[in-house]
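Remarks on the structure that follows.
Given below as structure tokens:
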């Protein structure tokens, strides 16, 4: 009986571990599409940049790092509670790492912002590409009142269309757009540093191609 209880406990523990370690789903990625166009009947919202942020997480064999990136500015349009169009500019110079301190924090942030040109490629190279962008191309209803939000993500002047689940809620004259956590394959934007799918002989010093993102944008009715 004691052995049976222990076996059941082991199974339950393993199930909890699997759920806890479940990775975010990769966003559907395809070629860039035409941006959605606003019409005069739609209500305009200006992004409150102080209350909007993109959380990021990167992975490597020895662990993870996480942080945030600020929205520089943005505007979007709603109609009958539905998101119809929008463009959001992203300040790539605002990248911060939130799980390190001191010299290690500064070193990683400089690395992410720098070009790091060489045989291992480069990261975001913000001196050359200080701004990224996301422009809405469409939405589709999803389960539990969510939507599948599609838009062109531009990084390093490379534009791809991505689709991911999001929740859109309204409160007075405010609208909140909160995405589920999702991943993108950074090499599709030529962010190749430390990618074992691009470079050989990296051993265990590679960095995963997947970057996890979670977008939270708040807008006020104009």
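In our numbering, the protein residues as written are 65 to 286.
Virtual Cβ for every residue (Gly too), placed ideally from N, Cα, C.
{"query": "The segment 129 to 148 in contact with the segment 261 to 270 per 3-pair CB rule at 8 Å", "result": "no"}
{"query": "Reduced DSSP secondary structure (H/G/I, E/B, other) of residue 148", "result": "strand"}
{"query": "Residue 156 vs residue 194 beta-carbon contact at 8 Å", "result": "yes"}
{"query": "Contact under 8 Å by Cβ, residue 148 with residue 284", "result": "no"}
{"query": "Own chain, CB closer than 6 Å to residue 276, minus 5 neighbours either side, in chain order", "result": "88, 121, 245 and 247"}
{"query": "Residue 176 - DSSP class collapsed to helix/strand/coil", "result": "helix"}
{"query": "Nearest to residue 260 (by Cα), restricted to the options 210, 114 and 273", "result": "273"}
{"query": "Contact belief for residue 281 with residue 241 at Cβ below 8 Å, rounded distance in angstroms", "result": "4 Å"}
{"query": "Spatial distance of residue 124 from residue 188 (CA atoms)", "result": "17 Å"}
{"query": "Anticipated Cβ contact below 8 Å, residue 216 with residue 201, distance rounded", "result": "6 Å"}
{"query": "Beta carbon of residue 145 nearer than 8 Å to that of residue 234", "result": "yes"}
{"query": "Whole-angstrom distance between residue 103 and residue 220, CA atom to CA atom", "result": "30 Å"}
{"query": "Contact with chain B by residue 261, beta-carbon distance below 8 Å", "result": "Going by chain labels, chain B is absent from the structure shown, which holds only one protein chain."}
{"query": "N-terminal and C-terminal residue of the beta strand (DSSP E) that residue 211 is part of", "result": "211 to 219"}
{"query": "Residues bridged to residue 196 [DSSP beta-bridge criterion]", "result": "154"}
{"query": "Run of the beta strand (DSSP E) containing residue 229, from where it starts to where it stops", "result": "222 to 235"}
{"query": "Same chain only: Cβ atoms within 7 Å of residue 196, ignoring 5 sequence neighbours per side", "result": "154, 156, 218 and 219"}
{"query": "Residue from 214, 263, 114 and 175 with nearest C-alpha to residue 94", "result": "214"}
{"query": "Coarse secondary structure for residue 244, derived from DSSP in three states", "result": "coil"}
{"query": "Closer than 7 Å: residue 97 CB and nearest the ligand SAH heavy atom", "result": "Although the ligand SAH was asked about, the structure shown includes no ligands whatsoever."}
{"query": "Proximal residues to residue 110 (C-beta, below 7 Å), its chain only, five neighbours per side dropped", "result": "139, 283, 284 and 286"}
{"query": "Residue 284 - partner residues in DSSP beta bridges", "result": "110 and 238"}
{"query": "Residue from 231, 222 and 91 whose Cα sits closest to the Cα of residue 211", "result": "231"}
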